[in-house]
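Novice:
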Amino acid sequence: MKKCLFHYLLLFSAYTYVSAHYNQPNTLVSTVTKNTILPLFTLTLNTNEEYFINIGGPYIVRNCTDGLPRPIVPCGSATCALTRRFNPHQCPLPQNTIINGSCACLSSNSL
């Protein structure tokens, strides 16, 4: 009986230790809507941030008409180079401009 109780306490201690040190993954739950014309899906976060998921591209795009500030992407950055690899280009060369004394690209999308 003592041996069984010892094993039970050992198992309980191991379970308690693992449970206390195991980080649960973050979970995202959102409604996803399919565009009926384009190969896009839309999801909304925080009730006002609308994002588009392009099935043909490796990234998601935020809707810039949501009133939130638009991010400035430096022309020489890896992000700008990545977006120029896919068509249609999200950061075409004619949109490069000077913002606060630095070359930057204001991302755009014709959707």
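Counting with mature numbering (1 follows the signal peptide of the UniProt record, and there is no 0), you get residues -20 to -1, 1 to 91 for the letters of the sequence shown. Glycine residues also receive a C-beta, built at the ideal position from the N, C-alpha and C atoms.
#1: Are the CB atoms of Thr11 and Phe21 nearer to each other than 8 angstroms?
#2: Would the beta-carbon of Tyr31 fall within 8 angstroms of that of Leu18?
#3: Which class does Thr11 belong to by DSSP, given the choice of helix, strand or coil?
#4: Taking only three categories from DSSP, how would you classify Thr22?
#5: Of all the options Gly56, Thr16, Val9, which has the alpha carbon lying nearest to the alpha carbon of Thr27?
Specialist: Quick look at the numbers:
#1: no
#2: Leu18 sits away from Tyr31, with the two beta carbons spaced by 8 angstroms or more.
#3: coil
#4: In this structure, Thr22 counts as strand in the three-state DSSP scheme.
#5: Closest in alpha carbon position to Thr27, among Gly56, Thr16, Val9, is Val9.
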